[in-house]
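Engineer: Numbering (full-length UniProt numbering), first residue to last: 1 to 579.
Ideal Cβ placement from N, Cα and C applies to all residues, glycine included.
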Amino acid sequence: MATLTEPSSSLSFTSSHFSNVSTGSNHISSSSASTLEVISLTKLSSNLEQLLSSPDCDYYTDAEIIVDGVPVGVHRCILSARSKFFQELFKKDKKSSTIERPKYHLKEVLPPYGAIGHEAFVYFLSYIYTGRLKPFPLDVSTCVDSLCAHDSCRPAIDFVVELMYASSILQVPELVSSFQRRLCNFVEKSLVENVIPILLVAFHCNLTQLLDQCIERVARSDLYRLCIEKEVPLEVSERIKQIRLKSPQEDEEEKDSPKVGKILKALDSDDVELVKLLLTESDITLDEANGLHYSVVYSDPKVVAEILALGLGDVNHRNSRGYTVLHFAAMRKEPSIIISLLKKGANASAFASDGRSSVNICRRLTTPKEYHTKTGKGREASKARLCIDLLEREVRRNPMVVDTPMCSLSMPEDLQMRLLYLEKRVGLAQLFFPTEANVAMDIANVEGTSEFTGLHPPSNGLTGNLSQVDLNETPHMQTKRLLTRMEALMKTVETGRRYFPYGSEVLDKYMEEYIDDDLHSEEKGSPHERRLKRMRYRELKDDVQKAYSKDKESKIARSCLSAASSSPSSLRDALENST
Numbered sequence: 001m002a003t004l005t006e007p008s009s010s011l012s013f014t015s016s017h018f019s020n021v022s023t024g025s026n027h028i029s030s031s032s033a034s035t036l037e038v039i040s041l042t043k044l045s046s047n048l049e050q051l052l053s054s055p056d057c058d059y060y061t062d063a064e065i066i067v068d069g070v071p072v073g074v075h076r077c078i079l080s081a082r083s084k085f086f087q088e089l090f091k092k093d094k095k096s097s098t099i100e101r102p103k104y105h106l107k108e109v110l111p112p113y114g115a116i117g118h119e120a121f122v123y124f125l126s127y128i129y130t131g132r133l134k135p136f137p138l139d140v141s142t143c144v145d146s147l148c149a150h151d152s153c154r155p156a157i158d159f160v161v162e163l164m165y166a167s168s169i170l171q172v173p174e175l176v177s178s179f180q181r182r183l184c185n186f187v188e189k190s191l192v193e194n195v196i197p198i199l200l201v202a203f204h205c206n207l208t209q210l211l212d213q214c215i216e217r218v219a220r221s222d223l224y225r226l227c228i229e230k231e232v233p234l235e236v237s238e239r240i241k242q243i244r245l246k247s248p249q250e251d252e253e254e255k256d257s258p259k260v261g262k263i264l265k266a267l268d269s270d271d272v273e274l275v276k277l278l279l280t281e282s283d284i285t286l287d288e289a290n291g292l293h294y295s296v297v298y299s300d301p302k303v304v305a306e307i308l309a310l311g312l313g314d315v316n317h318r319n320s321r322g323y324t325v326l327h328f329a330a331m332r333k334e335p336s337i338i339i340s341l342l343k344k345g346a347n348a349s350a351f352a353s354d355g356r357s358s359v360n361i362c363r364r365l366t367t368p369k370e371y372h373t374k375t376g377k378g379r380e381a382s383k384a385r386l387c388i389d390l391l392e393r394e395v396r397r398n399p400m401v402v403d404t405p406m407c408s409l410s411m412p413e414d415l416q417m418r419l420l421y422l423e424k425r426v427g428l429a430q431l432f433f434p435t436e437a438n439v440a441m442d443i444a445n446v447e448g449t450s451e452f453t454g455l456h457p458p459s460n461g462l463t464g465n466l467s468q469v470d471l472n473e474t475p476h477m478q479t480k481r482l483l484t485r486m487e488a489l490m491k492t493v494e495t496g497r498r499y500f501p502y503g504s505e506v507l508d509k510y511m512e513e514y515i516d517d518d519l520h521s522e523e524k525g526s527p528h529e530r531r532l533k534r535m536r537y538r539e540l541k542d543d544v545q546k547a548y549s550k551d552k553e554s555k556i557a558r559s560c561l562s563a564a565s566s567s568p569s570s571l572r573d574a575l576e577n578s579t
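In structure tokens:
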């Protein structure tokens, strides 16, 4: 996260190279002069920032730039001095009225490529006025997945891409260099789908080094050729194709390419009847052509509904990259398409090869600004929020429909975090509600999986021993084992939610407030804070006791036992012993 928020010292008015002016003074030492100059420039920077941020200074603005429908007051003299683009733009309006402030719509003065949002433009203006790069606004540069580090998720990338367009088009070269370095860092660690917007900004802004890096990354990936041709300029797709021709894996993809291409082109033309005819005459099925995957990304929602109505494809079919159709729909964030797929039986709990579900995918693409947009009568709701709510509701509605995910070659960080969360939750359930926890764990067959202890050493009290580590276990085998464990823990949690709701509510509250705390760690903070923590802990203990009594009185455990009467006798024995 530091790479996203740290201002570049070379881009500040207070940089050390300004101090060279005072080296020849006979009255003031060079260090004193340097300090004085830094203080003066810092003060100047702060004063100029007031012109941009203080409502009292709005009276002094002499022009407005409309961005995303929001007017931003600016001072033409400052923008002209700092940007050649604005200097040329304002020169054209020398004869404009001196009574009314001229207005400029940013979209109308920019080239057709690229987009600069309101937050990115205000951030850009902040540098123009102050000479300092501030931390990125979290509302638009992070996602709403609580387990994401926000170092390479799509919102983080999109915000820097917008800033790159602003810096390049509005001609501020020092910012171009700064943001190019950040984008280069994203290329290798981000998902290949997220590299496409970086590739496009590199192409349009003539960033040769960044473009070459993106082309190499996409060429090495398993991103489909037809999707690449759809997303990037022709000359770039040709370069990627030439690199891939040197790879033997290209032959596999090209085998049925002409037949598949005809089907996908028919989808592009929204001709459902032609799609049906081609599938009837061809030996290629809709699933083999990944037609549903392609349609949910590129077709109109009404066309997607018509294709689904044909009944020629499996909505839970995985492509060669391990994604289901619903995973692709989550990437598009179109509620009507998600509803159409769920009606046809799409599994919202299915995991992609990287351990993410449709909910995770959608959350990783959604900013807090999108998610928390206020809605009301006559206001358009956030599509991203609707999609997340739809998917989460479906997972809750069908908690036991858990899909065994395909395994990637490495274990992603978010999978580790989710496993640690589930292990802690189930562990607390055993501590607070041992009988109910044992019932849920037996039904989920948790005993048949190995516990995940994260990266903690054995001395921390958690289970695990280095001597028990299988040195012959490949990354693929490890990921498969851990995903099996995660599936069992998720079944345990969902069983608890279904049959022991009161206890689950307490665990939800506890995990929300104490997810980062250790039960046996030393208390920190002031005496007042420690008293508040102890009071809150006593409240939670009372909640636990009340929940236990409610679950016991409602005899949910007994009904769960009767529902699981076909389970092995060990389940009954365990219950008798715990009772």
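When we look at the beta-carbon of Lys343 and count the other beta-carbons within 10 Å, is it buried (16 or more) or exposed?
Structural biologist: Within a 10 Å sphere around the beta-carbon of Lys343 sit fewer than 16 other beta-carbons, which makes this residue exposed.
Engineer: Alpha carbons only, please: which of Arg132, Phe500, Lys369, Glu505 is nearest the one belonging to Glu174?
Structural biologist: Arg132
Engineer: Can you give the Cα-Cα distance for Thr324 and Tyr224, rounded to whole angstroms?
Structural biologist: 15 Å
Engineer: Would Met511 and Arg425 qualify as a contact pair, given that the criterion is a beta-carbon distance under 8 Å?
Structural biologist: yes
Engineer: From the DSSP output, in three-state form, read off Phe203 for me.
Structural biologist: helix
Engineer: For Lys103, report the span of its beta strand (DSSP E) as first-last.
Structural biologist: 103-105
Engineer: Shortest alpha-carbon distance to Leu200 belongs to which of Val172, Glu229, Gln478?
Structural biologist: Glu229
Engineer: Output needed for Val140: all residues of its chain with C-beta closer than 6 Å, excluding positions within five of it in sequence on either side, in chain order.
Structural biologist: Glu119, Phe159, Thr367, Lys369
Engineer: Taking DSSP as the reference, what is the three-state secondary structure of Glu380?
Structural biologist: coil
Engineer: Just to confirm the assignment, what range does the beta strand (DSSP E) spanning Val72 have?
Structural biologist: 70-74
Engineer: How about the stretch 419-435 and the stretch 499-511: do they share at least three Cβ pairs that are nearer than 8 Å?
Structural biologist: yes
Engineer: Quick check on Asn47: buried or exposed, where buried means 16 or more other Cβ atoms within 10 Å of its Cβ?
Structural biologist: Exposed, since its Cβ has fewer than 16 Cβ neighbours within 10 Å.
Engineer: Output needed for Leu207: all residues of its chain with C-beta closer than 7 Å, excluding positions within five of it in sequence on either side, in chain order.
Structural biologist: Once the five neighbours on either side are set aside, the close Cβ partners of Leu207 are Gln180.
Engineer: Pull up the distance between the alpha-carbon of Val275 and that of Gln242, whole angstroms please.
Structural biologist: 30 Å
Engineer: Who are Ile65's beta bridge partners in DSSP?
Structural biologist: Val72, Tyr104
Engineer: Using alpha carbons as the reference points, say which of Ser382, Arg385, Ser349 lies closest to Asn398.
Structural biologist: Ser349
Engineer: Rounded to whole angstroms, how far is the Cβ of Ala289 from the Cβ of Ile307, which I believe are closer than 8 Å?
Structural biologist: 12 Å between Cβ atoms; not a contact.
Engineer: Quick one: residues in its chain with C-beta nearer than 7 Å to the C-beta of Val402, no 5 flanking neighbours on either side, listed in chain order?
Structural biologist: The pLDDT assigned to Val402 is 49, lower than 50, so where the model puts this residue is not dependable; a value taken from the coordinates is nonetheless given after this. Counting only Cβ-Cβ distances below 7 Å, and skipping sequence neighbours, we find Ser349, Glu487, Met490, Lys491.
Engineer: State yes or no: is the C-beta of Phe129 within less than 8 Å of the C-beta of Leu52?
Structural biologist: Sequence inspection shows Tyr at residue 129; the Phe mentioned does not correspond to that position. Inclusion of Tyr129 and Leu52 in the CB contact set at 8 Å is warranted, their separation being smaller than that value.
Engineer: Name the DSSP bridge partner or partners of Ser357?
Structural biologist: In DSSP, Ser357 forms a bridge with Phe351.
Engineer: Please classify Glu288: does DSSP put it in a helix, a strand, or coil?
Structural biologist: coil
Engineer: Let me make sure I understand the geometry here. Which of Ala156, Phe86, Pro112, Pro135 has the alpha-carbon closest to that of Leu365?
Structural biologist: Ala156
Engineer: Can you tell me which of the three DSSP states Asn445 falls into?
Structural biologist: coil
Engineer: Is Pro335 near Leu292, with beta carbons less than 8 Å apart?
Structural biologist: Going by C-beta atoms, Pro335 is not nearer than 8 Å to Leu292.
Engineer: With a 10 Å radius around its C-beta and 16 neighbouring C-beta atoms as the bar for buried, classify Leu211 as buried or exposed.
Structural biologist: buried
Engineer: Rounded to whole angstroms, what's the CA-CA distance from Thr479 to Cys143? Just pull it up for me.
Structural biologist: 25 Å
Engineer: Relative to the C-alpha of Arg182, which candidate in Asp442, Gln213, Gln171 has its C-alpha closest?
Structural biologist: Gln213
Engineer: Under the three-state reduction of DSSP, which class applies to Phe136: helix, strand or coil?
Structural biologist: coil
Engineer: Please state the DSSP three-state secondary structure of Met406.
Structural biologist: Its pLDDT being 46, under 50, Met406 is placed unreliably in this model, and the coordinates cannot settle the point.
Engineer: If we count the other Cβ atoms within 10 Å of its Cβ and call it buried at 16 or more, is His105 buried or exposed?
Structural biologist: exposed
Engineer: Around the Cβ of Pro258, are there at least 16 other Cβ atoms within 10 angstroms (buried) or fewer (exposed)?
Structural biologist: exposed
Engineer: Tell me which residue opens and which closes the alpha helix (DSSP H) that Ala276 is part of.
Structural biologist: One detail in the question is off: residue 276 reads as Lys in this sequence, not Ala. That run of the alpha helix (DSSP H) goes 272-281.
Engineer: Excluding the 5 residues preceding and the 5 following Arg418 in the sequence, name in chain order all residues of the same chain whose CB lies nearer than 7 Å to its CB.
Structural biologist: Leu147, Met486
Engineer: Look at His317 and Asp354 and say whether their C-beta atoms are less than 8 Å apart.
Structural biologist: no
Engineer: Is the distance from the Cβ of Ser177 to the Cβ of Cys205 below 8 Å?
Structural biologist: Going by C-beta atoms, Ser177 is not nearer than 8 Å to Cys205.
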